[in-house]
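Enquirer: One structure, as structure tokens, below. Some questions next.
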Amino acid sequence: MLLFYASERARIIRLDAIGHIWKKLGTTCINLKETYYVIQLIRAILNEIFPDTLLLTQTNVPHKENISYFGNGYNEVQLVYQFALPLLVLHTFYTGDASRLLEWVSRLENVSDKATFFNVLAT
Numbered sequence: 010m011l012l013f014y015a016s017e018r019a020r021i022i023r024l025d026a027i028g029h030i031w032k033k034l035g036t037t038c039i040n041l042k043e044t045y046y047v048i049q050l051i052r053a054i055l056n057e058i059f060p061d062t063l064l065l066t067q068t069n070v071p072h073k074e075n076i077s078y079f080g081n082g083y084n085e086v087q088l089v090y091q092f093a094l095p096l097l098v099l100h101t102f103y104t105g106d107a108s109r110l111l112e113w114v115s116r117l118e119n120v121s122d123k124a125t126f127f128n129v130l131a132t
């Protein structure tokens, strides 16, 4: 299915709730190492056949877990949602104080020249 969308010139393919793709008894079934292998495989295939198609994860998990889907910045997804941003912007508007937003932004790190954050204010 992903290759079909890529062949139809999809520019971005969202991997919705991808953190749950691999199931293993006795685990929470989220963010398992096999999940990352699946993403790496998808990325490798797309890089060969449709290199202009980007992968975006939709994983509503804590920031550290969320950015783990970048892999090394080249081998997994190119885009990761920033779920903290809308809440911090709302807090800034509500309080009139941008200090928490600015502190959060100052801690963001560039992963690579091929990966970045996908910023939205509502989903």
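To convert a position in the sequence shown, counted from 1, into my numbering, add 9.
Every residue, glycine too, gets a C-beta built ideally from N, C-alpha and C.
All of these numbers come straight from a predicted model, not from anything done at the bench.
#1: Taking only runs that begin and end inside the segment 44-76, name each unbroken alpha helix (DSSP H) of 4 or more residues, in chain order.
#2: Helix, strand or coil for LEU24, going by three-state DSSP, please let me know.
#3: Just to confirm, are GLY80 and TYR45 a CB contact at a threshold of 8 Å?
#4: If you reduce the DSSP assignment to three classes, tell me which class TYR83 lands in.
#5: Candidates ILE39, GLY35, GLU17 and ASP106: which alpha carbon is nearest ASP25's?
#6: Rounded to whole angstroms, what is the Cα-Cα separation between VAL129 and GLY35?
#7: If you draw a straight line from the alpha carbon of LEU110 to that of ARG116, how long is it in whole angstroms?
#8: According to the neighbour-count rule (16 or more other Cβ atoms, all chains shown, within 10 Å of its Cβ), is PHE66 buried or exposed?
#9: Considering only their Cβ atoms, is the gap separating VAL86 from ILE1 smaller than 8 Å?
#10: Below 6 Å CB to CB, which residues in the same chain sit around ASN75 once its five sequence neighbours on both sides are set aside?
#11: Can you tell me which residues form a DSSP beta bridge with VAL89?
Expert: Inspection of the coordinates gives the following:
#1: Whole alpha helix (DSSP H) segments, 4+ residues: 72-76.
#2: Indexing the sequence shown from 1 puts residue 24 at position 15. Here LEU24 sits in strand by DSSP.
#3: For this step, residue 80 is matched to residue 71 along the sequence shown. For this step, residue 45 is matched to residue 36 along the sequence shown. Their beta carbons are under 8 Å apart, which means GLY80 touches TYR45 by this criterion.
#4: Within the sequence shown, residue 83 is the residue found at index 74, counting from 1. Correct three-state label for TYR83: coil.
#5: Here the question's residue 25 lines up with position 16 in the sequence shown. Out of ILE39, GLY35, GLU17 and ASP106, ILE39 has the C-alpha closest to the C-alpha of ASP25.
#6: Mapped onto the sequence shown, residue 129 falls at position 120. Mapped onto the sequence shown, residue 35 falls at position 26. If you take the alpha carbons of VAL129 and GLY35, they lie about 35 Å apart.
#7: Start at 1 with the first residue of the sequence shown, and residue 110 comes out as number 101. Start at 1 with the first residue of the sequence shown, and residue 116 comes out as number 107. Approximately 10 Å, taken between the alpha carbons.
#8: On the sequence shown, position 57 is the one that residue 66 refers to. Just to set this straight, residue 66 is Thr in the shown sequence, not Phe. THR66 is buried by the Cβ-count criterion.
#9: Lying outside 10 to 132, the shown extent of the chain, residue 1 is not represented and no answer is given.
#10: In the sequence shown, the residue the question calls residue 75 occupies position 66. The beta carbon of ASN75 sits closer than 6 Å to those of THR68 and VAL89, all from its chain and outside the five residues before and after it, given in chain order.
#11: On the sequence shown, residue 89 is found 80 positions in, with the first residue counted as 1. VAL89 pairs with THR66 and PHE126.
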